[in-house]
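These protein sequences, in sequence, are chains A and B. Just so you know, our numbering puts the end of the first sequence at 323, numbered straight through with nothing missing. Just so you know, our numbering puts the end of the second sequence at 323, numbered straight through with nothing missing. The beta carbon of each residue, even a glycine, is placed where N, CA and C say it ideally should be.
There are 2 protein chains.
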Amino acid sequence: MIDRLEFLLALAREKHFGRAAEVCGVTQPTLSAGVKQLEESFGVLLVNRGSRFQGFTPEGDRVLEWARRIVGDARAMRQEVHSLKHGLAGRLTLSAIPTALAMVETLTTPYRARHPNVQFTVYSRTSIEVLGELENLEIDAGLTYLDNEPLGRVTAVPLYRERYRLLVAADAPLGNRETVTWAESARVPLCLLTPDMQNRRIIEHLLRDTGVDPNIMLESDSMILLYSHVRTGRWASVMPARLAATLGLTDTLRAIPIVEPEASHTIGLVVPAREPMTPLTAALVAEARLIAPLLSD
Amino acid sequence: MIDRLEFLLALAREKHFGRAAEVCGVTQPTLSAGVKQLEESFGVLLVNRGSRFQGFTPEGDRVLEWARRIVGDARAMRQEVHSLKHGLAGRLTLSAIPTALAMVETLTTPYRARHPNVQFTVYSRTSIEVLGELENLEIDAGLTYLDNEPLGRVTAVPLYRERYRLLVAADAPLGNRETVTWAESARVPLCLLTPDMQNRRIIEHLLRDTGVDPNIMLESDSMILLYSHVRTGRWASVMPARLAATLGLTDTLRAIPIVEPEASHTIGLVVPAREPMTPLTAALVAEARLIAPLLSD
DNA sequence: TCAATCGATAGGCAATTTCTATTAAAATGG
DNA sequence: CCATTTTAATAGAAATTGCCTATCGATTGA
């Protein structure tokens, strides 16, 4: 029964019988049969098919909702019983938006000190993907913006506020300034994240609000790629202050506060809104609540 | 998996492998094997055994807690999907304390008018049993005292307050009075419920508080039995006002308010504290909220 | 029209589940 | 103290279920 519900969850995120089967580690006929058995046991069609996956029926959507809950509870149960016997152990899977990747360490390092047997998997994802994966129980927690997109059924712990800096060589134009305006920044050729990233949309919005068309020379979904370009002193970028600080500034590279306006956005930990949480997730939320005051400015 | 968790729930309430198996419709070796498989899959012993059932281990208690939740959710899911297709249908199982049995009708009659395809099973139980059955998901809802024993993990809807009357023949001693005191009632030979019933304990307490040792001539767990005795005019009893009214008074039988003190206790609907509830249960709670104002005095 | 994609179906093998029958251990009762 | 009863575990057989490979039919797109 629970296996079948997992089939349904996989189908919801893959929207494709074959791929969903692969994710579940079974063959496509097995997954098809599993879904069909669910349908027979409920006496209702759950999936609209027409030689290909065409989404769920209304009943299917409801079952999906229950499946998330039941599968989540079953996992939490296993984890809790295991923790009772062997202490906190297992793997925490996180997804973080690229600009928050460098902050993950502030959570994982103290967590590991407390619970040395917990392993981590961290993905770099867009904020939309983070929420989708959270919804489908693909990940245990996410690090993303709390104050923009609607978050859905999650528990959120604010961690810090993202503020923006112009990263630019000291000898380049604007390189000697104490502050720059968004309008000035918009005139500099920039390296930014790709447009599917919310950080890019936020920054591009702030730049365009000045009435100037920004000049985006290079875009990537990798912060390392952006930084390695900026480090040469021949490119510039806009990035969150904490990230710039973490990446380290050379004497030729400056991170200049951008004003007018001094924009900021809240970044936080998001976990599925389940009560009770899995022990691993609960410990992560506890850790986040502990370190949040140390990060706020 | 879910079947195994049901085994565990049955074992929790029967405290006996054989009987639990029977309840689940399998043989004893099957249930034994099921529990053992759960233990193996968790890597922890769940049940203390020594040639007979000796309760659960701490881990077993935790798994039991999760099992209640998961099994409850699985049932709710089935019911909800069925309701989406065929409207509210199925069977609602209730347990009520004997003095509340006559009030069940005020809930079931309007419920049935709204949802004609729902069937009912109603048990007469002690208040302790009601809460136990609720805990183990044996019943969908209960009618019992809300203000005495601790209720546990339930949602409660107050319905009415139980007030006490001396049921006595008009030509018997005290039969002509407008009110009687508890002290006076304690001197009349009475028919009451058996001492395992909370109503009996409440009334006996009120009687004894006067300093008089009550004279309880006959006891039974059946209100019908008590009433049929009192109807002869040769016996007396103490019972809730609403119950006396429902049973009907003859011209030779009177229900006299008992004062000093004018005691009362709240009776209400209790359902498992689950969010969301099963559709059948949710509709019952809605009905209870509707009729509660009509019953309060 | 032809190839590719996608999901359903058929048939066979393997794993699992469940049953009956029996055993071992403990509790009960004379 | 011994015989009987009760209780749960075990062994082995039978049935069921689950999953895989191979294939088909339908749809899509070139």
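Can you round the beta-carbon distance between residue i and residue j to whole angstroms, since I take them to be within the 8 Å contact cut?
i: Val97(B); j: Leu118(B); result: Not confirmed; about 18 Å, so no contact.
i: Val21(A); j: Leu114(A); result: Because chain A is modelled from 27 through 323, residue 21(A) falls outside the range shown and cannot be assessed.
i: Arg227(B); j: Ser290(B); result: Contact doesn't hold; Cβ gap of about 15 Å is too wide.
i: Glu181(A); j: Ala212(A); result: In the sequence under discussion, the amino acid at residue 181(A) is Thr, which differs from the Glu named in the question. Going by Cβ atoms, the distance from Thr181(A) to Ala212(A) rounds to 37 Å, so no, they are not a contact pair.
i: Arg191(B); j: Ile250(B); result: With 8 Å as the limit, Arg191(B) and Ile250(B) do not qualify as a contact, their Cβ atoms being about 17 Å apart.
i: Ile293(A); j: Ala126(A); result: 5 Å
i: Arg88(A); j: Leu110(B); result: 7 Å
i: Val183(A); j: Leu320(A); result: Val183(A) to Leu320(A), Cβ: 13 Å. No contact.
i: Leu185(A); j: Ala314(A); result: 6 Å
i: Arg30(B); j: Gln63(B); result: 6 Å
i: Phe33(B); j: Val61(B); result: 6 Å
i: Met27(B); j: Met27(A); result: 6 Å
i: Leu177(B); j: Leu163(B); result: Actually they do not touch by this definition, with Cβ atoms about 16 Å apart.
i: Glu161(B); j: Arg151(B); result: Not really, about 13 Å apart at Cβ, beyond 8 Å.
i: His108(A); j: Ala309(A); result: Incorrect: roughly 13 Å between the Cβ atoms, too far for contact.
Identify, in the order they occur along the chain, each residue of the same chain with its Cβ nearer than 7 Å to the Cβ of residue i, setting aside the five sequence neighbours on each side.
i: Ala47(A); result: Thr53, Gln54, Thr56, Leu57
i: Thr307(A); result: Asp166, Ala167, Val297
i: His112(A); result: none
i: Glu40(A); result: Ala46, Val49
i: Val238(A); result: Ala209, Ala212, Arg213
i: Arg280(B); result: Val194, Ala196, Gly201
i: Pro93(B); result: Correcting the residue type first, residue 93(B) is Ala in the shown sequence and not Pro. Cβ within range, chain order: Leu31, Leu34, Leu35.
i: Asp16(A); result: Residue 16(A) lies beyond the stretch modelled for chain A, which goes from 27 to 323, so this question has no answer here.
Just grab the DSSP bridge partners of residue i for me.
i: Met265(B); result: Arg191(B)
i: Lys242(A); result: For the sequence presented, residue 242(A) should be read as Ile rather than Lys. Ile242(A) pairs with Leu216(A).
i: His291(B); result: Glu188(B)
i: Ile28(A); result: Bridge partners of Ile28(A): none, in fact.
i: Thr236(A); result: According to DSSP, which records beta bridges pairwise, Thr236(A) is partnered with nothing at all.
i: Gly116(B); result: Val144(B)
i: Pro283(A); result: Arg191(A)
i: Ala122(B); result: Ser150(B), Leu169(B)
i: Val296(B); result: Gly168(B), Ala182(B)
i: Thr207(A); result: Val285(A)
Apart from the five residues on each side of it in sequence, which residues of its chain come closer than 6 Å, Cβ to Cβ, to residue i?
i: Ile123(B); result: Ser153, Thr170
i: Leu273(B); result: Tyr253
i: Leu269(B); result: Thr125, Ala128
i: Val70(B); result: Glu85
i: Tyr149(A); result: Ser121
i: Glu65(A); result: Leu71, Leu72
i: Arg187(A); result: Ser290, Thr292
i: Arg203(B); result: Ile282
i: Arg179(B); result: Ala299
What does a CB cutoff of less than 8 Å around residue i pick up in its chain, not counting 5 residues either side in sequence?
i: Glu230(B); result: Leu218, Pro221, Pro240, Ile242
i: Thr276(A); result: Arg257
i: Gln105(B); result: Gly116, Thr304, Pro305, Leu306
i: Thr278(A); result: Ala195, Ala196, Asp197, Gly259
i: Gly44(B); result: Gln54
i: Ile317(A); result: Thr132, Leu133, Pro136, Leu185
i: Leu37(A); result: Phe43, Ala46, Leu57, Val61, Val73, Phe79
i: Glu155(B); result: Ser121
i: Glu175(B); result: Ser153, Ile154, Leu157, Gln224
i: Phe68(A); result: Glu85, Val89
i: Glu288(A); result: Arg189
i: Ala271(A); result: Ala281
i: Ala59(B); result: none
i: Thr147(B); result: Arg117, Leu118, Thr119, Leu120
Residue ranges of each beta strand (DSSP E) within the segment 45-109 of chain A, 3 or longer: Qualifying beta strand (DSSP E) stretches, in chain order: 73-75, 79-82.
Touching by the beta-carbon criterion (3+ pairs, under 8 Å), the segment 200-215 of chain B and the segment 260-268 of chain B: Touching, yes, given that three or more Cβ pairs across the two stretches are closer than 8 Å.
Residue ranges of each beta strand (DSSP E) within the segment 131-183 of chain B, 3 or longer: With a minimum length of 3 residues, the continuous beta strand (DSSP E) runs that stay inside the segment 131-183 of chain B are 144-150, 167-171.
The segment 244-257 of chain B contacting the segment 295-315 of chain B, beta-carbon criterion three pairs below 8 Å: Using a Cβ-Cβ distance cut-off of 8 Å, the segment 244-257 of chain B and the segment 295-315 of chain B are not in contact, since fewer than three pairs of beta carbons, one from each stretch, lie closer than that value.
At least 3 beta-carbon pairs within less than 8 Å: the segment 239-251 of chain A vs the segment 213-222 of chain A: As far as the Cβ criterion goes, the segment 239-251 of chain A touches the segment 213-222 of chain A, which means the pair count is three or higher.
Cβ contact check for the segment 66-85 of chain A and the segment 68-75 of chain B: 3 or more pairs under 8 Å: The segment 66-85 of chain A vs the segment 68-75 of chain B: no contact.
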